[in-house]
Amino acid sequence: MSDQNKLALDFLEICRIRVDTELDRVIERSSASVRLQEAMRYSVLGGGKRIRPALCLAAAKAMGQTGEAALAPACAVELIHAYSLIHDDLPAMDDDELRRGRPTTHIAYDEATAILAGDALQALAFGWLAETGQLSESARLSMVQELARASGHGGMVGGQAIDLESVGKNLSLAQLEAMHRHKTGALIEASVRLGALTAPFVSEEALNSLSSYAKALGLAFQVQDDLLDIEGDTEVIGKPQGSDAARAKPTYPALLGVNGAREHLSALLTSALESLRNFGSEADSLRAMADYVVARTH
Ligand code: GRG
Numbered sequence: 001m002s003d004q005n006k007l008a009l010d011f012l013e014i015c016r017i018r019v020d021t022e023l024d025r026v027i028e029r030s031s032a033s034v035r036l037q038e039a040m041r042y043s044v045l046g047g048g049k050r051i052r053p054a055l056c057l058a059a060a061k062a063m064g065q066t067g068e069a070a071l072a073p074a075c076a077v078e079l080i081h082a083y084s085l086i087h088d089d090l091p092a093m094d095d096d097e098l099r100r101g102r103p104t105t106h107i108a109y110d111e112a113t114a115i116l117a118g119d120a121l122q123a124l125a126f127g128w129l130a131e132t133g134q135l136s137e138s139a140r141l142s143m144v145q146e147l148a149r150a151s152g153h154g155g156m157v158g159g160q161a162i163d164l165e166s167v168g169k170n171l172s173l174a175q176l177e178a179m180h181r182h183k184t185g186a187l188i189e190a191s192v193r194l195g196a197l198t199a200p201f202v203s204e205e206a207l208n209s210l211s212s213y214a215k216a217l218g219l220a221f222q223v224q225d226d227l228l229d230i231e232g233d234t235e236v237i238g239k240p241q242g243s244d245a246a247r248a249k250p251t252y253p254a255l256l257g258v259n260g261a262r263e264h265l266s267a268l269l270t271s272a273l274e275s276l277r278n279f280g281s282e283a284d285s286l287r288a289m290a291d292y293v294v295a296r297t298h
């Protein structure tokens, strides 16, 4: 394991403990029925890498914010992520029975409870962000706006809609990237921006650099996800675009070939790291996270 990867894994573990402790406390305190609360806890605290909260905390650190102020936005982005996974797994969407090695929420509970748990987690994310005492009123308002943009029709939900509409179509690379920029990229970018916005002062230039970093990283995340998806499915790798398997879901390897997708991944990593060129060692956790995202094995 490279030193960078060790750094990222240690950082992720520290973030996981901090964030999970908070998430557990806040869900416990919620006024949901026992069953709904259980489903919320099951979906949020049952594993997961915590990439988004770690990016949020790493961006805060890069801006000199090492206190507790970034904890609420870090938890909020993880709650939005958890809600998106619950809804994505539903029969009307991807219809998956397993997530993180366990039954999906609608299998472990039932469909209605899963929908409600997702809805409740989304509302909890915005409420938490709006109410946190660690941030000024204007910072909270900016963050709520950023998170709404990233998770709604102009971001994650919009990307999911494009994804559903593109099944069976041959997308160009530009169309594929546009879909991923919305579906997964927007929340990853929001995670980084929210973290940065917890600092008392953030220059426009620093925020733009962090956004560029996050945009490249968001796409890199998806390329690596596509590569990991086909690793266990060599039949799909061998199928040319236009075959049933390639048409079923547009992916980077289907468009660029496996080697092309790997080259693209490496170019995105270079671009993400280059965006941090004006930052010093305070951005080392962001650098380690970028290396981790492209080298991850799950
Ligand atoms: C249905 C509202 C709604 C949105 C769906 C982002 C999204 C849109 C769905 C997520 C489902 C999915 C499989 C997206 C592809 C990106 C991906 C692999 C997400 C999983 O993220 P990780 O790897 O998950 O960070 P963990 O389990 O580690 O938290």
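Under the UniProt record's numbering, the letters of the sequence shown match residues 1 to 298, in that order. Just so you know, even glycine gets a beta-carbon here, dropped at the ideal spot from N, CA and C.
Alpha-carbon spacing of residue i relative to residue j, whole angstroms
{"i": "Y109", "j": "A39", "result": "7 angstroms"}
{"i": "L286", "j": "L55", "result": "7 angstroms"}
{"i": "P91", "j": "A148", "result": "25 angstroms"}
{"i": "E97", "j": "N170", "result": "27 angstroms"}
{"i": "C15", "j": "L57", "result": "8 angstroms"}
{"i": "S138", "j": "A62", "result": "21 angstroms"}
{"i": "L71", "j": "G154", "result": "25 angstroms"}
{"i": "D94", "j": "D284", "result": "36 angstroms"}
{"i": "E205", "j": "H106", "result": "44 angstroms"}
{"i": "N5", "j": "P253", "result": "24 angstroms"}
{"i": "F221", "j": "T132", "result": "30 angstroms"}
{"i": "S281", "j": "I115", "result": "43 angstroms"}
{"i": "L124", "j": "P250", "result": "33 angstroms"}
{"i": "M179", "j": "A8", "result": "28 angstroms"}
{"i": "L256", "j": "G64", "result": "39 angstroms"}
{"i": "V77", "j": "I17", "result": "16 angstroms"}
{"i": "V294", "j": "L45", "result": "24 angstroms"}
{"i": "Q175", "j": "A161", "result": "13 angstroms"}
{"i": "L265", "j": "D225", "result": "11 angstroms"}
DSSP beta-bridge partners of residue i
{"i": "R99", "result": "R102"}
Cβ-based neighbour list, residue i, same chain, cut-off 8 angstroms, excluding 5 preceding and 5 following
{"i": "V144", "result": "F126, L129 and A130"}
{"i": "residue 348", "result": "No answer is possible for residue 348: it lies beyond the span of the chain, which begins at 1 and ends at 298."}
{"i": "Q122", "result": "L79, I80, Y83 and S151"}
{"i": "R181", "result": "G159, K215, G218 and L219"}
Per-residue burial, residue i [other beta carbons within 10 Å of its own, 16 or more giving buried]
{"i": "D3", "result": "exposed"}
{"i": "D24", "result": "exposed"}
{"i": "H263", "result": "Note on identity: in this sequence residue 263 is Glu, with His being the wrong assignment. It is exposed - the Cβ of E263 has fewer than 16 other Cβ atoms within 10 Å."}
{"i": "L141", "result": "exposed"}
{"i": "L228", "result": "exposed"}
{"i": "E235", "result": "For E235, the predicted model reports a pLDDT of 39, less than 50, meaning its position is unreliable; a value from the coordinates is still stated below. Looking at its Cβ environment, which holds fewer than 16 other Cβ atoms inside 10 Å, E235 is exposed."}
{"i": "Y292", "result": "buried"}
{"i": "R102", "result": "exposed"}
{"i": "S136", "result": "exposed"}
{"i": "A190", "result": "buried"}
{"i": "A167", "result": "Note on residue identity: the sequence assigns Val, not Ala, to residue 167. By the 10 Å Cβ count, V167 comes out exposed."}
{"i": "E68", "result": "exposed"}
{"i": "G47", "result": "exposed"}
{"i": "L173", "result": "exposed"}
{"i": "D10", "result": "exposed"}
{"i": "A112", "result": "exposed"}
Residues near residue i by beta carbon distance below 7 angstroms, same chain, minus five either side
{"i": "L164", "result": "none"}
{"i": "A290", "result": "L217, L269, A272 and L273"}
{"i": "P73", "result": "C56, L129, M143, L194, G195 and T198"}
{"i": "L12", "result": "K49, R50 and A54"}
Close-in-space but distant-in-sequence residues of the same chain around residue i (CB under 6 angstroms, 5 per side omitted)
{"i": "C75", "result": "V19, E22 and L23"}
{"i": "H81", "result": "R52"}
Of the residues the options, the one placed nearest residue i, counting alpha carbons only
{"i": "T66", "options": "P200, R181 and A82", "result": "P200"}
{"i": "L187", "options": "I230, S30 and E146", "result": "E146"}
{"i": "R35", "options": "A120, T198, L219 and T297", "result": "A120"}
{"i": "H298", "options": "L255, E189, A288 and R99", "result": "R99"}
{"i": "L118", "options": "A295, V192 and Y42", "result": "What sits at residue 118 in the sequence shown is Gly, not Leu. Comparing Cα-Cα distances from G118 to each of A295, V192 and Y42, the minimum goes to Y42."}
{"i": "A60", "options": "K49, H180, L207 and N259", "result": "L207"}
{"i": "S203", "options": "Q134, G158, E111 and N278", "result": "N278"}
{"i": "D88", "options": "V157, H182, L219 and G185", "result": "V157"}
{"i": "E177", "options": "S30, E111, T113 and A261", "result": "A261"}
Chain D contact for residue i (CB, 7 angstroms cutoff)
{"i": "A216", "result": "No chain D is present in this structure, which holds just one protein chain."}
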